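My numbering numbers the first residue of the sequence shown as 136 and each following residue consecutively.
In this text, a Cβ means the ideal position worked out from N, Cα and C, and glycines have one as well.
Predicted, not measured: the structure shown is a model, and the values here were computed from it.
Report on the following structure.
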Amino acid sequence: MFSQQYLQMLQKKDVIFEIFGYASKRRREIGEENVFDFSLGNPSVPAPEAVREALTGIPEQTDPLTLHSYSPAGGIPQVREAIAQDLNARYGASYTAGNIFMTCGAAAALAHAIRAVASPGETVLTFAPCFSEYEAYVAGCGCLLEVVPADTETFEINFPMLEEMLSPGVAAVLFNSPNNPSGVVCSTRTIRALADLLKKKSALFGHPIWLISDEPYRDIVFEGTDSPYIANEYENTITCYSFSKSLSLPGERIGYAAVNPKADQAGLVMELFTQISRTTGHNGAPALLQRVAAKTCSLTADLSVYETNCRLLCSALSSFGYEFVRPGGTFYMFPKSPLPDAKAFCRLAMEHDLMLVPGDGFGVPGHFRIAYCVPTEKVERALPVFERLIRT
Numbered sequence: 136m137f138s139q140q141y142l143q144m145l146q147k148k149d150v151i152f153e154i155f156g157y158a159s160k161r162r163r164e165i166g167e168e169n170v171f172d173f174s175l176g177n178p179s180v181p182a183p184e185a186v187r188e189a190l191t192g193i194p195e196q197t198d199p200l201t202l203h204s205y206s207p208a209g210g211i212p213q214v215r216e217a218i219a220q221d222l223n224a225r226y227g228a229s230y231t232a233g234n235i236f237m238t239c240g241a242a243a244a245l246a247h248a249i250r251a252v253a254s255p256g257e258t259v260l261t262f263a264p265c266f267s268e269y270e271a272y273v274a275g276c277g278c279l280l281e282v283v284p285a286d287t288e289t290f291e292i293n294f295p296m297l298e299e300m301l302s303p304g305v306a307a308v309l310f311n312s313p314n315n316p317s318g319v320v321c322s323t324r325t326i327r328a329l330a331d332l333l334k335k336k337s338a339l340f341g342h343p344i345w346l347i348s349d350e351p352y353r354d355i356v357f358e359g360t361d362s363p364y365i366a367n368e369y370e371n372t373i374t375c376y377s378f379s380k381s382l383s384l385p386g387e388r389i390g391y392a393a394v395n396p397k398a399d400q401a402g403l404v405m406e407l408f409t410q411i412s413r414t415t416g417h418n419g420a421p422a423l424l425q426r427v428a429a430k431t432c433s434l435t436a437d438l439s440v441y442e443t444n445c446r447l448l449c450s451a452l453s454s455f456g457y458e459f460v461r462p463g464g465t466f467y468m469f470p471k472s473p474l475p476d477a478k479a480f481c482r483l484a485m486e487h488d489l490m491l492v493p494g495d496g497f498g499v500p501g502h503f504r505i506a507y508c509v510p511t512e513k514v515e516r517a518l519p520v521f522e523r524l525i526r527t
């Protein structure tokens, strides 16, 4: 018999990649320059030159047997130490190599974190709007995902609903700031309020409620935006990070899970990660990419184009009459659909070769996501299409 779980998943395919596939087909038919594809969060700026230098220099400077040998399940010790020291330097934290677990990107870090702190049948809470794949990640761990309804006025945390939904069966809160799909960045005040509530409920229930902080967009924060390092505000935090966005390396799938050294039984969590790696077939991140990450973890690509694109879109879409919460980071924005049915609006946009993603999969029907990680000239050329659509 085939797995019923995965047969059911076939009925709920990823709409983002379906739209991206249609965009690829249209590019072949009418040319790249005539398709305005804002569907996929694929970075549009090159990786820093230091990444290329590391990719070529490390093999030249490292014994081949050492270079291509298996690494320990948690990662190469020197790599883990380099990342710990970078986090400490940036955020005043106190990580050691023993708190860092190297993974194949943030998705693998999340898979480890959820399995470590939530048993099958327990609940993981997250907040709308949220990344559409969270449901698959949590279900794959045998847990139940419950989504706190969105505060559509701000797209920050809906605290009244969160407090109502926090129950003894909640093992963890899965949190994403800067947020995909809204681009909203939660302030220090908001994060401290979240931490205070989780501490209160943990004491009431007699067990820690873990905060799993999904942070692939941590380095894409716009000028003047308050963006705290979340683990500094709540001890029982596991930070899940990817170099996909900061270094423009999405295809390399390299990242890590960082367990706050002040967390409850932090050492045990790290030991659990090793066993989780065995059962999921993860068995360690690629050794060469680990070494590249160690050399470049303090750097970013030139991320300024995303803020430029955001300003262009916010100015133009506001003048056209679109309603939205202004992003504080990432390369996404999440306007309200001019039509009540955002799916219908996105289908209409596709007829104009403008690819947008309806907000239903993110837990907020009636909105749509724009992934503006595209060249600025394409943003500029797409603006008349946005205007025609709202005038239709």
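Of the choices the options, whose alpha-carbon is the least far from that of residue i?
{"i": "residue 420", "options": "436, 165 and 389", "result": "389"}
{"i": "residue 370", "options": "333, 455 and 218", "result": "333"}
{"i": "residue 513", "options": "498, 496, 524 and 489", "result": "489"}
{"i": "residue 314", "options": "437, 352 and 380", "result": "352"}
{"i": "residue 263", "options": "502, 223 and 274", "result": "502"}
{"i": "residue 291", "options": "302, 280, 310 and 281", "result": "310"}
{"i": "residue 485", "options": "143, 468, 172 and 138", "result": "172"}
{"i": "residue 385", "options": "401, 424 and 406", "result": "424"}
{"i": "residue 239", "options": "222, 335, 206 and 387", "result": "387"}
{"i": "residue 302", "options": "335, 235 and 321", "result": "335"}
{"i": "residue 143", "options": "504, 275, 473 and 281", "result": "275"}
{"i": "residue 542", "options": "250, 141 and 268", "result": "The shown model of the chain, from 136 to 527, leaves out residue 542, and the question about it has no answer."}
{"i": "residue 416", "options": "159, 247, 174 and 499", "result": "247"}
{"i": "residue 357", "options": "337, 366, 322 and 368", "result": "322"}
{"i": "residue 500", "options": "469, 522 and 524", "result": "469"}
{"i": "residue 312", "options": "359, 320 and 418", "result": "320"}
{"i": "residue 505", "options": "445, 308, 527 and 440", "result": "445"}
{"i": "residue 422", "options": "203, 329 and 433", "result": "203"}
{"i": "residue 249", "options": "404, 163 and 196", "result": "404"}
{"i": "residue 287", "options": "398, 515 and 498", "result": "498"}
{"i": "residue 522", "options": "223, 297, 168 and 454", "result": "454"}
According to DSSP, is residue i part of a helix, a strand, or is it coil?
{"i": "residue 344", "result": "coil"}
{"i": "residue 415", "result": "helix"}
{"i": "residue 505", "result": "strand"}
{"i": "residue 373", "result": "strand"}
{"i": "residue 147", "result": "coil"}
{"i": "residue 364", "result": "coil"}
{"i": "residue 235", "result": "strand"}
{"i": "residue 397", "result": "coil"}
{"i": "residue 277", "result": "coil"}
{"i": "residue 136", "result": "coil"}
{"i": "residue 354", "result": "coil"}
{"i": "residue 349", "result": "strand"}
{"i": "residue 180", "result": "coil"}
{"i": "residue 519", "result": "helix"}
{"i": "residue 227", "result": "coil"}
{"i": "residue 469", "result": "coil"}
{"i": "residue 474", "result": "coil"}
{"i": "residue 186", "result": "helix"}
{"i": "residue 285", "result": "coil"}
{"i": "residue 217", "result": "helix"}
{"i": "residue 158", "result": "helix"}
{"i": "residue 404", "result": "helix"}
{"i": "residue 173", "result": "coil"}
Between residue i and residue j, is the Cβ-Cβ spacing less than 7 Å?
{"i": "residue 257", "j": "residue 278", "result": "yes"}
{"i": "residue 285", "j": "residue 375", "result": "no"}
{"i": "residue 459", "j": "residue 508", "result": "no"}
{"i": "residue 462", "j": "residue 318", "result": "yes"}
{"i": "residue 372", "j": "residue 346", "result": "yes"}
{"i": "residue 241", "j": "residue 377", "result": "yes"}
{"i": "residue 431", "j": "residue 180", "result": "no"}
{"i": "residue 391", "j": "residue 237", "result": "yes"}
{"i": "residue 464", "j": "residue 355", "result": "yes"}
{"i": "residue 395", "j": "residue 366", "result": "yes"}
{"i": "residue 326", "j": "residue 337", "result": "no"}
{"i": "residue 189", "j": "residue 215", "result": "no"}
{"i": "residue 162", "j": "residue 170", "result": "yes"}
{"i": "residue 494", "j": "residue 517", "result": "no"}
Exposed or buried, which one is residue i when buried takes at least 16 other CB atoms within 10 Å?
{"i": "residue 230", "result": "buried"}
{"i": "residue 342", "result": "exposed"}
{"i": "residue 261", "result": "buried"}
{"i": "residue 331", "result": "exposed"}
{"i": "residue 520", "result": "exposed"}
{"i": "residue 380", "result": "buried"}
{"i": "residue 134", "result": "Coverage of the chain is limited to positions 136 through 527, which leaves residue 134 absent and any answer about it impossible."}
{"i": "residue 349", "result": "buried"}
{"i": "residue 295", "result": "exposed"}
{"i": "residue 145", "result": "exposed"}
{"i": "residue 225", "result": "exposed"}
{"i": "residue 526", "result": "exposed"}
{"i": "residue 441", "result": "buried"}
Flag residue i as yes if its beta-carbon sits less than 7 Å from any beta-carbon of chain D, otherwise no.
{"i": "residue 276", "result": "This model lacks chain D altogether; it includes just one protein chain."}
Evaluate contact between the region 480–495 and the region 149–160, counting only Cβ atoms and requiring at least three cross-stretch pairs below 8 Å.
-> The region 480–495 is in contact with the region 149–160.
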